[in-house]
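According to the numbering used here, the sequence shown is numbered sequentially starting from 34. Beta carbons are placed, not taken as given, at the ideal position from N, Cα and C, and that holds for glycine. Here is the structure we will look at.
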Amino acid sequence: MSDPFKNAKQQLYNVAKVLDLNDQELEYLSEPKKFIVVSIPLKMDDGSTKMFSGFRSQFNDDRGPFKGGIRYHQNVSIPEVKALSMWMTWKCAIADIPFGGGKGGIIVNPEELSQGELERLSRGYIRAIYKDIGIDVDVPAPDVNTDGQIMAWMVDEYNTLVGRQELGVITGKPVDFGGSLGRTEATGRGGVYILEQLAKKKGMKPKDTSIAVQGFGNVGYYFALIAEELGFKVVAVSDSKGGIYKESGLNIEKVMSHKNAGGSVKDFEGAKNIEGDKILELVVDILAPAALENAINEKNVEDVKAKYIIEMANGPITPEAEEVLNENGVLVVPDVLANSGGVTVSYFEWVQNREGYYWQEDEVNEKLQKKIVDAFNQSFDEMERLKINFRAAVYALAIKKVLDSARAKGVV
Ligand code: NAD
């Protein structure tokens, strides 16, 4: 596996040329401001104590408090956490929300823990890092294998330690404990707002625009569902067990009921089964990878036939594969923009917590639409102005925003 932090830095160096950055600026943007390593003792159900390693990378806070999720996975590593925190910096900047970038993680396979152990580990992580986070310092959120319940335990632990109610210290909480309406759907919904803009720019009518969505979890399901609601033709979806295809378009809610009953989208009535990865090779207008990283790589990139790719997952295209897509004239809407709806509504949650006043779901969606459509249009214009690819345009805009804040403060 390639080193994700090296890849993230390489993306920065590529854009540095476009932006004409000097060495000091580049050096300033290349490493986290602070990287925290902690050891968390966990009292297991059998009475023994096990140690777990946890991290928090505080990459950049020039535009506002560090912001980024906490991942629980056995493969969490220092380079991965650093890379993710760098990407969060660009994501918050392009989404134009007043946050910097951060990321955290614990090396753990949560499936091997009981609920009680998971709660004690989550509270232990907060006890280890609580002096370094805060509503105006660093605002964590869920990521792979962490959810609203885990965020609720963490906020409760933090509040106990600091002796006050500070709900906005962590986002992605359950609605009953300071969460925002619309957060669950936000990443998929944001992607569909981008889809609509792309279709407008390219003169595509929704009813004639075919879409394939790889991954049918939180992001893929809501992306497919909301796209269908707006009249797009979602012809294929897949999950880890396989995929389905129907030329006239799928009924996404029915596909979800079918998956809930049988554990997979496979064998849906009226649709053809397809092997999981073959979904990436279908003749469709738009492909939305919404599962895992590196889905489109050197091995399958030549078989991709879609004209447009909306990266709903983080890092679904390898850098080598992207070069081929660029040569083949495929337009890729990069992850830091395409899936920024999630962090945007996390920001709205933080605002609502600070105000102590909660918005209706329509208001959340309307504000999300405005932010993400503005970001898309600015990036599109930058791409045309500089005659570079979409990812480079998004990075150029985002990095410039971060540097402008640093320059205003006289840091660089
Ligand atoms: P999830 O766990 O809810 O869903 C993942 C889905 O991918 C599942 O349906 C799984 O079956 C499917 N999958 C796994 N391997 C597959 C394969 N080989 N082929 C087809 N499908 C496969 O996760 P999620 O929250 O939907 O996240 C998906 C991606 O979006 C991740 O890269 C995540 O980092 C990114 N993302 C999520 C959010 C969010 O708000 N949830 C925000 C930004 C980015």
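Report the partner residues of valine 365 according to the DSSP bridge assignment.
In DSSP, valine 365 forms a bridge with Ile342.
Buried or exposed: valine 70, going by 16 or more other Cβ atoms within 10 Å of its Cβ?
That one is exposed.
Tell me which residues share the same chain as serine 155 and place their Cβ nearer than 7 Å to its Cβ, disregarding the 5 neighbours each side in the sequence.
Closer than 7 Å at the Cβ level, and outside the excluded window around serine 155, lie Ile183, Trp186, Met187.
What residue from Leu364, Phe301, Phe132, Asp368 has the CA that sits closest to glutamate 326's CA?
Measuring from the Cα of glutamate 326, the nearest candidate turns out to be Asp368.
Just confirm the distance between the C-beta atoms of proline 239 and glycine 264, as a whole number of angstroms; I'd bet it's less than 8 Å.
Indeed, because the Cβ distance is near 4 Å, the residues count as touching under 8 Å.
When the Cα atoms are used, what is the spatial distance from lysine 76 to valine 316?
Approximately 53 Å between the Cα atoms of the pair.
Going by the C-beta, is aspartate 241 closer than 7 Å to any heavy atom of the ligand NAD?
False, no ligand heavy atom lies under 7 Å from that Cβ.
Measure the alpha-carbon distance for valine 445 versus proline 65 and round it to whole angstroms.
Between valine 445 and proline 65, the C-alpha separation is close to 15 Å.
For the region 371-382 against the region 121-131, do three or more pairs of beta-carbon atoms, one drawn from each stretch, fall closer than 8 Å, so that the two count as touching?
Verdict: yes, contact present.
CA-CA distance, glutamate 286 and leucine 62?
So the two alpha carbons sit approximately 44 Å from each other.
By a C-beta neighbour count over all protein chains shown, 10 Å radius and 16 as the cutoff for buried, is leucine 194 buried or exposed?
Leucine 194 is exposed by the Cβ-count criterion.
In whole angstroms, what separates the C-alpha of alanine 161 from that of methionine 84?
So the two alpha carbons sit approximately 13 Å from each other.
Taking only the alpha-carbon atoms, compute the straight-line gap between leucine 231 and proline 112 and give it to the nearest angstrom.
One C-alpha to the other measures close to 34 Å.
Between Asp95, Gly80, Leu430, Gly443, which has its C-alpha nearest aspartate 53's C-alpha?
Checked all of Asp95, Gly80, Leu430, Gly443; the closest Cα to aspartate 53 is Leu430.
Can leucine 325 be considered in contact with the ligand NAD, in the sense that its beta carbon sits closer than 7 Å to one or more heavy atoms?
Yes.
With a cut-off of 8 Å on the beta carbons, I'd call cysteine 125 and arginine 96 a contact; round off their distance for me.
The Cβ separation is near 7 Å, so the contact holds.
Just list the residues that DSSP pairs phenylalanine 68 with in beta bridges.
Looking at the DSSP assignment, phenylalanine 68 forms a beta bridge with Ser90.
Hey, would you say the C-beta of valine 252 is under 7 Å away from at least one heavy atom of the ligand NAD?
True, at least one ligand heavy atom lies under 7 Å from that Cβ.
On a CA-only basis, which of Pro322, Gly276, Ser281, Ile73 is nearest glycine 296? Give me that one, please.
It is Gly276.
Just checking, does the region 164-175 make contact with the region 202-213 on the three C-beta pairs under 8 Å criterion?
Touching, yes, given that three or more Cβ pairs across the two stretches are closer than 8 Å.
Glycine 362 to glycine 215, Cα distance in whole Å?
Approximately 35 Å, taken between the alpha carbons.
Along the chain, where does the beta strand (DSSP E) containing glutamate 320 start, and where does it finish?
Strictly speaking, residue 320 in this sequence is leucine, with glutamate absent from that position. 319-322 is the extent of the beta strand (DSSP E) around leucine 320.
Enumerate in chain order the residues of its own chain whose CB-to-CB distance from asparagine 330 is below 6 Å, with the five nearest sequence positions on each side excluded.
Cβ neighbours of asparagine 330 beyond the five flanking positions: Thr351, Ala354.
Taking tyrosine 278 as the reference, which of Ala439, Asn293, Phe301, Val109 has the closest Cα?
Checking every option, the nearest Cα to that of tyrosine 278 belongs to Phe301.
Quick one, which of Phe409, Val141, Ser147, Ser90 has its alpha-carbon nearest isoleucine 343's?
Residue Phe409 is the option with its Cα nearest to isoleucine 343.
With 16 other CB atoms within 10 Å as the buried threshold, where does arginine 197 fall?
With fewer than 16 Cβ atoms within 10 Å of its Cβ, arginine 197 is classed as exposed.
Quick one: residues in its chain with C-beta nearer than 6 Å to the C-beta of serine 438, no 5 flanking neighbours on either side, listed in chain order?
Within the same chain, serine 438 has close Cβ partners Asp95, Arg96.
Given the structure, does methionine 119 come close to the ligand NAD, in the sense that its CB is under 7 Å from one of the ligand's heavy atoms?
Not under cutoff, so the answer is no.
At a cut-off of 7 Å, would you count aspartate 272 as near the ligand NAD, judging by its Cβ distance to the nearest heavy atom?
Aspartate 272 Cβ: within cutoff of the ligand NAD.
Is it the case that the CB of threonine 122 approaches a heavy atom of the ligand NAD more closely than 7 Å?
Outside the cutoff, so no.
Out of Ala324, Gly135, Val268, Lys340, which has the shortest C-alpha to C-alpha gap to lysine 305?
Looking at the Cα atoms, Val268 is the closest of the given residues.
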